[in-house]
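Here the structure comes first, spelled out in structure tokens, and everything after it is commentary.
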Amino acid sequence: MSSPSLGNPDFTRRKNRRKTIRTAAQVLLIGGIVGAALWAHFTTPVYKPSHDAAPRSNGFIALSYIGVQKNEGGRVLISESNLEAQLAALKRQGYETVTTDDVYEYYKNGKELPEKSLYLMFEDGRRDTAIFATPLLREFNYHATTMTYPEKFDRGDTKFLLPDDLKRLKEETFWDVGTNGYRLYYINVFDRYGNYLGEMDPLLYNKVTPYLGRRYNHYLMDYIRDKNGVPKESYSRMKSRVQYDYEKLRDVYTKDLGYVPKVSVLMHANTGEFGNNPDVSAVNAYWIQKLFAMNFNREGYSLNVPNSSIYDLTRMQPQAWWPVNHLLMRIKYDTGKDMIFNTGEEDRYNLWDLTQGAVEFKDETIFLTTLPNSTGRIVLRNSFSYPNVNVSTELDGNKVGIQAIYLRADKTLKNYIVVEVKNNYLLVNEVTNGAVKTLYKKSVDELQGKKPISVDEDKHDAAVAELEAFTRYAPSQGIAGVYLDRLKDQTKETPKTVDQGAKQYEPVVRNQDQGIYQLDINLTGSKLSLKFDGKDAGDVTVSRTQQGELMLGADWNVQGWQQRNWDDDVYDGVFKNFTVTDADTGNVLFTSKYSGWELIKYKAAQYFDKVVAWFVNYL
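Here is the structure:
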């Protein structure tokens, strides 16, 4: 069924009124924060560049965050607390920030940089990023560059930093200004069934994202093409289109800021040169070198070395769900330099032995991080004495990968029982002398009671969602009406179901998709019982009744490797409220749960963060 708001101008007006009220409050909030920062200029330190120079051969790492929000749990914007933890960890490793001018002088004139140099970026020029990141920059004496879209200036979009905000931030000394390009826009978009969707702005694109594959381009990356891949524009038209955006960028920045930023980030990254087509690449190359002093053209790896091109730099984009050790693990293997990994709460950490990877005990959660393309594993001390156990935990890691609980394991790991969630399946395996026998396997969707759908049904759902999006964001009422008529026709169709003999649809699981599952295990004698999300999931009979150790494991899975900027070679097992009890006596052998005063403080902090986040998001 289509929404009654689709194609309705009253809906749009109401939405805009709410947006105006919300963003006006945000303006006051950011204005107050930035104003307070300037007032405090005389009593608080300004940014002080590091003078600890090292040989030029060291290079520098570049990190680029999408944005920052107050509370935990986001999949796009990193939480303030997680960002603080990551910056603190980098500071402990000895990393000092460098500015755009530092990097430029490094490549052009051989300027020496600190031995461990960090170029820090925040993309999209978001207002909430400035609110939450600025105090952290002051705390660590770190400098950052906010990447902006000047199209937001033209629109007066107060969700983003506007020219006056940027001027004040730059005066505050901890910030510089860069650019993501004039705007964000997509071309040559296809859904996962190969249906041509054309050109899209971010709002439209985000509405249909669940049904897309990998076939799309940023608007500066290619010719605009038809469904057959044939260009819909001539070379001269493409050149004029690309040129227009660079000229518009130049003119807006010059008018509103008085200068064009020295550094740019070309969207999307990791093309052959500066685009997916040689003609387009050449046009981009001309304007990038004409307007900017340096350009980040790649994403995935953090290290830039002396012979890197100043217009073909690379950055790592930490994802919102990464724990600290995930970031450190990636940097360690990019740079080849040792890292001191976070361990978290010492009392809980000391109850385990780390055998592979890195582990942090933070709040009520165990974050187990793998080595690249490999494994993370910890062993509960003295667990050998407790063969019959109850295990309870919430698994919060991403769906692509393996989170495992090993029971009755010998030290060689040639004999054990393992309960694991692997690529959205729950499995029980028993290993005897290295031979694996699968005792149980069910999909998470089945365990959660999700009815299987057919490929025909999914195609139908995709078509409905796409038409709804095109209707809602149509450029005119007339075009909205055309899409609405198509939508009505589409909703009348009845696709064939699995019960009717149609092929079952296998859900597309992306590496960034989080799974949150409650898992409970009882192992007594030869019987292993499972509960999943509070419901009985079945019993299995095991042959291994010998004593052994309890371990936690996390494993990277090759299915997760698609491209480095989204799907990386490090995985995190996330075990929340992990509790082990002796099944015979009921005694608690280990728990990551808080109790007493610890729990009160933790819940109070969570509540405060939610209140602040509500004010920022809705006012």
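Numbering of the sequence shown is given in our numbering, commencing with residue 1 and proceeding in unit increments.
Don't be surprised by glycine CBs; every beta carbon is placed ideally from N, CA and C.
Listed as beta-bridge partners of A554 by DSSP are G376 and Q403. D256 and P150 have their C-alpha atoms some 9 Å from each other. With the rule of 3 Cβ pairs closer than 8 Å, the segment 443 to 463 counts as touching the segment 480 to 498. For Q356, the enclosing beta strand (DSSP E) begins and ends at W352 to Q356. In the DSSP annotation of this structure, the continuous segment of the alpha helix (DSSP H) that includes N206 starts and ends at P202 to V208. S281: member of the alpha helix (DSSP H) spanning P278 to L291, first to last residue. Boundaries of the alpha helix (DSSP H) around I131: R127 to F140. Here L87 carries a helix assignment [DSSP, helix/strand/coil]. Taking each of Y216, D555, S81 and N206 in turn and checking the Cα distance to G198, the smallest one comes out for Y216.
Secondary structure note for T491: it is in no beta strand (DSSP E), and the uninterrupted alpha helix (DSSP H) holding it is Q477 to K492. In the same chain as S529, and ignoring 5 residues on each side of it, the C-beta atoms closer than 6 Å to its own belong to N522 and D539, in chain order. Leaving aside the five residues that flank A285 on each side, the residues in its chain whose CB is nearer than 6 Å to its CB run, in chain order, F274. Residues of the same chain with a CB within less than 6 Å of the CB of I187, apart from the 5 flanking positions on each side, are E199, N217, Y219 and I224 in chain order.
In summary, I600 is exposed, with fewer than 16 beta-carbon neighbours lying within 10 Å of its beta-carbon over all protein chains present.
In the DSSP assignment, Y119 is bridged to A62. Annotated three-state conformation of R155 is helix, per DSSP.
If you look at N577, you'll find it in the beta strand (DSSP E) that goes D572 to D582.
A straight-line Cα-Cα distance of about 16 Å links V242 and T179. Here the alpha carbons of S543 and G525 stand approximately 9 Å from one another.
Counted as a single uninterrupted DSSP element, the beta strand (DSSP E) harbouring D539 occupies residues K535 to T541. In the DSSP annotation of this structure, the continuous segment of the beta strand (DSSP E) that includes A144 starts and ends at A144 to T148.
Residue range Y186 to F190 is occupied by the beta strand (DSSP E) that includes Y186, with no alpha helix (DSSP H) assigned at that position.
In the three-state reduction of the DSSP assignment, F274 falls in the coil class, being assigned neither a helical nor a strand state.
Every unbroken stretch of the beta strand (DSSP E) spanning 3 or more residues and falling wholly within the segment 211 to 283 is given here in chain order: 263 to 265. Taking E420 as reference, the option from T412, I405 and D410 with the minimal CA-CA separation is I405.
Cβ-Cβ distances below 8 Å link D101 to K262 in the same chain, with the five nearest sequence neighbours on each side left out; the list follows chain order. Beta bridge pairing from DSSP links T438 with N429. Counting only residues of its own chain and dropping the five nearest sequence neighbours on each side, Y440 has a CB closer than 8 Å to the CB of L426, L427, V428, L530, G538 and V540.
With fewer than three CB-CB distances shorter than 8 Å, the segment 169 to 177 does not count as touching the segment 206 to 213. In terms of CA proximity to H51, L113 leads the group L113, R348, R214 and D489. Scanning I378, A583 and S309 for the CA closest to the CA of I288 turns up S309.
Under the Cβ criterion (8 Å, minimum of three pairs), the segment 504 to 524 does not count as touching the segment 233 to 250. N577 and E364 do touch by the CB rule: their CB atoms are close to 5 Å apart, below 8 Å. Note on T146: 16 or more other CB atoms within 10 angstroms of its CB, so buried under the neighbour-count rule.
Note that the segment 113 to 123 touches the segment 77 to 97; at least 3 beta-carbon pairs, one per stretch, sit closer than 8 Å. For T524, the uninterrupted beta strand (DSSP E) run begins and ends at Y517 to T524, by DSSP.
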